[in-house]
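Residue numbers (my numbering): 13 to 575.
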Amino acid sequence: MAAELTAHELIARHRPTLDQALEAIRTRAYWSPHPEHPKAYGENGSLDMAAGKAAFDALSGTRLDLGQPGTDGWVDGETSPYGIDLGVSYPHADLDELLPAMKAGMRAWRDAGAETRAVVCLEILKRISDRTMEFAQAVMHTSGQAFMMAFQAGGPHAQDRGMEAVAYAYVEQVRTPDTAEWTKPQGKRDPLALTKRFTPVPRGIALVIGCNTFPTWNGYPGLFASLATGNAVLVKPHPRAVLPLALTVQVARQVLTEAGFDANLVALAAERPGEGIAKTLATRPEIRIIDYTGSTEFGDWLEANARQAQVFTEKAGVNTVLVESTDDYRGMLANLAFSLSLYSGQMCTTPQNLLVPRDGITTDEGPKSFDEVAADLGGAVDKLLGDDARANALLGAIVNPDVKARLEAAAGLGEVALASREIVHPEFPGAVVRTPVIVKLDGAKPEAEAAYMSECFGPVSFAVAVDSADHAADLLRRTVREKGAMTVGAYTTSPEVEEAVREVCLEEAAQLSLNLTGGVYVNQTAAFSDFHGSGGNPAANAALCDGAFVANRFRVVEVRREA
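Here it is as structure tokens:
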């Protein structure tokens with residue numbers, strides 16, 4: 013069948029966007045082609061909020077038939093954290109049939125070249141963007157995010173991260189020229205002359221192991237980095253968050269077909285309850301790249317056992333904020349309160365440990381004791397979440413029972429500065445909604461260390477009393493070195509303390525935010541500008557997104573001949 017979308021058409025349509033993305037990653041300035049306001053949707057073929065909700069509702073009771081080879085059954089049973097059954101069935105794959113079919117299309121995809129692959133990927137992202145409102149519902153009802161966050165993080169921000177990966181992939185592939193004429197003088201003899209051709213070649217089939225909390229935001233960087241560098245991509249979603257990535261695979265397969273490529277370059281691997289196919293897939297010889305977001309335990313297992321693959325992991329860390337002094341006490345409290353509350357703290361970037369000198373801090377409102385800082389932060393959270401409608405819009409739902417159990421156990425770890433409370437969701441009474449808990453701990457007591465030196469994923473934070481700013485910097489260093497951190501924050505008016513914290517973060521490779529008091533928060537990163545993780549501490553072995561994230565997904569093969 014002839015391609016409905018030619019490479020020429022796709023280049024004309026998307027090359028300007030690719031060029032803008034390339035400029036954005038060069039300058040690190042703000043740029044996004046994906047609107048983050050719901051009112052921007054509903055024109056030029058995109059779905060508005062009502063149409064997106066209708067499209068999502070229409071999926072209930074259906075089979076999402078992707079036309080994949082090797083389908084040997086159907087998988088269902090997905091339940092929303094908001095208490096509803098999604099009612100969608102997904103194909104279950106016979107891997108011995110699906111994986112060879114995925115491999116078959118890679119030659120033509122490889123030979124298409126970096127630019128064609130990039131614009132095909134951008135067409136996939138454009139189709140996803142047109143369905144952002146449908147995807148927002150899918151992310152909301154698999155992750156438990158409140159709608160606005162599911163729309164923004166699961167929609168435009170995830171699409172930004174995917175496009176960023178395409179841009180980096182393109183840069184790395186065109187760094188080496190396609191051809192070169194090589195001439196070496198030989199004195200009186202004729203020069204040696206060779207014609208050389210260089211081809212980026214993919215590693216093989218890439219495996220994306222999706223996460224429950226941010227299926228698209230965390231899934232798109234690896235998916236598009238691998239696809240843009242010539243690899244086929246098998247998407248293995250988290251069993252509780254299949255729908256957003258299944259829809260992504262559906263769109264990708266449609267675009268690949270229309271562009272004249274094999275749809276099986278992108279495929280879905282949904283699993284039956286308790287099947288646990290991630291380990292099986294990760295060690296198959298066909299799998300040459302793995303992208304994973306999730307627990308440290310399984311991430312460590314992948315790094316140790318998937319020896320045939322290049323493994324990119326984002327695991328867990330203990331994120332820390334050092335509070336030494338501030339010239340905007342109310343702004344600091346409001347900023348931290350929002351960071352602790354957003355999506356019920358179920359973000360890999362949410363602060364957990366707040367290191368505060370036991371003798372207190374200096375502020376624009378005068379000195380504040382350790383107890384006052386903890387109490388005032390609790391008051392700021394209460395103020396932020398005092399209205400239940402606003403609280404539901406910020407908190408979303410607790411994603412799984414493990415998070416709820418950790419939250420309930422946290423109150424027994426120390427003195428509670430802010431107790432968690434239950435909130436009823438008016439639209440979804442089955443949702444488990446809880447406000448954060450803040451627990452005070454003494455950083456000098458060994459019995460407290462087990463709590464604050466372990467990740468407690470969810471709406472749990474510890475106000476840790478430390479002896480001094482120097483003690484806090486030392487504890488920060490040890491935490492990042494031993495446990496890792498996706499984010500570090502600091503509040504200080506002292507140049508000496510700022511430099512000490514900065515030096516810790518440079519030496520331990522942790523991303524630092526200083527004195528945030530406005531509308532930017534430590535747990536948010538912007539594609540094209542901010543690096544998410546560093547790849548230099550135990551929380552993650554890769555950064556989203558840099559050259560290192562894409563460059564090892566392909567190798568350059570040279571063919572040379574005498575001129």
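Glycine included, every Cβ here is placed at the ideal spot set by N, Cα and C. From a predicted model like this one, the values you see are computed outputs, not experimental measurements.
Exercise. Roughly how many angstroms separate the alpha carbons of Ala15 and Gly272, rounded to a whole number?
Worked result: For the purposes of this step, residue 15 is taken as the residue at position 3 of the sequence shown. For the purposes of this step, residue 272 is taken as the residue at position 260 of the sequence shown. Approximately 4 Å between the Cα atoms of the pair.
For this session: Alpha carbon to alpha carbon, how far is Gly545 from Ala555? Give it in angstroms, no decimals.
Result: Indexing the sequence shown from 1 puts residue 555 at position 543. Indexing the sequence shown from 1 puts residue 545 at position 533. Spanning the two alpha carbons is a distance of roughly 5 Å.
Exercise. Which of the three DSSP states, helix, strand or coil, is assigned to Asn527?
Worked result: Mapped onto the sequence shown, residue 527 falls at position 515. Here Asn527 sits in coil by DSSP.
Exercise. Around the C-beta of Ser480, are 16 or more other C-beta atoms found within 10 angstroms, so that it is buried, or is it exposed?
Worked result: By one-based count along the sequence shown, residue 480 stands at place 468. Classification of Ser480: exposed, given that the 10 Å Cβ count is below 16.
For this session: Take Trp86 and list the residues in its own chain whose beta-carbon comes closer than 8 Å to its own, dropping the five residues that flank it on each side.
Result: Numbered from 1 along the sequence shown, position 74 holds the residue referred to as residue 86. Answer for Trp86: Arg75, Ser101, Tyr102, Pro103, His104, listed in chain order.
Problem set entry | Residue from Tyr533, Ala205, Asp190, Thr188 whose Cα sits closest to the Cα of Lys196 | The sequence position of residue 196 within the sequence shown is 184, counting from 1. Comparing Cα-Cα distances from Lys196 to each of Tyr533, Ala205, Asp190, Thr188, the minimum goes to Ala205.
Problem set entry | Alpha-carbon to alpha-carbon, Glu434 and Lys291 | Taking the first residue of the sequence shown as position 1, residue 291 is located at position 279. Taking the first residue of the sequence shown as position 1, residue 434 is located at position 422. For Lys291 and Glu434, the distance between alpha carbons rounds to 37 Å.
For this session: Can you check DSSP and say which residues form a bridge with Gly85?
Result: Locating residue 85 in the sequence shown gives position 73, counting from the first residue. In the DSSP output, where bridge partners are listed per residue, Gly85 has His104.
For this session: Report the rounded CA-to-CA distance for Met13 versus Ile136, giving the unit in angstroms.
Result: Within the sequence shown, the letter at position 1 stands for residue 13. Within the sequence shown, the letter at position 124 stands for residue 136. Confidence at Met13 is low in this model, with a pLDDT of 47, below 50, so its placement is unreliable and no value can be given for it.
Exercise. Where DSSP assigns a beta bridge to Gly501, which residues make up the other side?
Worked result: Working through the sequence shown from its first residue, we reach residue 501 at position 489. In DSSP, Gly501 forms a bridge with Val333, Ser525.
Exercise. Run through DSSP, which three-state label would Gln149 get?
Worked result: Counting from 1 along the sequence shown, the entry for residue 149 is found at position 137. Correct three-state label for Gln149: helix.
Problem set entry | Beta-carbon spacing of Ala576, Ala279 below 9 Å | Residue 576 cannot be examined here, being either before or after the span of the chain that is shown, 13 to 575.
For this session: Using only alpha-carbon positions, find the residue among Asp77, Phe68, Lys115, Ala423 that is nearest to Asp97.
Result: Mapped onto the sequence shown, residue 97 falls at position 85. Of the listed residues, the one whose Cα sits closest to Asp97 is Phe68.
Problem set entry | Residues of its chain near Leu152, where Cβ-Cβ distance is below 6 Å and the 5 sequence neighbours each way are ignored | Counting from 1 along the sequence shown, the entry for residue 152 is found at position 140. In the sequence as displayed, the identity of residue 152 is Met instead of Leu. Closer than 6 Å at the Cβ level, and outside the excluded window around Met152, lie Phe159, Ala162.
Exercise. Going by DSSP, which residues form a beta bridge with Glu434?
Worked result: Position 422 of the sequence shown, counted from the first residue, corresponds to residue 434. In DSSP, Glu434 forms a bridge with Arg446.
Exercise. Where does Lys327 sit, in a helix, a strand or coil, going by DSSP?
Worked result: Along the sequence shown, one-based indexing puts residue 327 at 315. Lys327: coil per DSSP, three-state reduction.
Problem set entry | Assigned exposure category for Gln157 - 16 Cβ within 10 Å defines buried | Taking the sequence shown and counting its residues from 1, one reaches residue 157 at position 145. Per the 10 Å Cβ criterion, buried.
Exercise. Does DSSP put Thr292 in a helix, a strand or coil?
Worked result: The sequence position of residue 292 within the sequence shown is 280, counting from 1. If DSSP states are grouped into helix, strand and coil, Thr292 belongs with the helices.
Problem set entry | Within 9 Å, strictly: CB atoms of Asp274 and Ala124 | Locating residue 274 in the sequence shown gives position 262, counting from the first residue. Locating residue 124 in the sequence shown gives position 112, counting from the first residue. The answer is no: Cβ separation not under 9 Å.
Exercise. Quick one, are the C-beta atoms of Ala130 and His26 less than 9 Å apart?
Worked result: Here the question's residue 130 lines up with position 118 in the sequence shown. Here the question's residue 26 lines up with position 14 in the sequence shown. It is a contact, given that the beta carbons lie within the stated cut-off.
Exercise. Ile301 by DSSP, collapsed to three states: which one?
Worked result: Here the question's residue 301 lines up with position 289 in the sequence shown. In the structure shown, Ile301 sits in a strand (DSSP, three-state: E or B).
For this session: Tell me where the beta strand (DSSP E) around Arg209 begins and ends.
Result: Counting from 1 along the sequence shown, the entry for residue 209 is found at position 197. Counting along the chain, the beta strand (DSSP E) containing Arg209 begins and ends at 201-214.
Problem set entry | Pairwise C-alpha distance: Cys133 and His20 | Indexing the sequence shown from 1 puts residue 20 at position 8. Indexing the sequence shown from 1 puts residue 133 at position 121. Straight-line Cα distance between these residues: approximately 14 Å.
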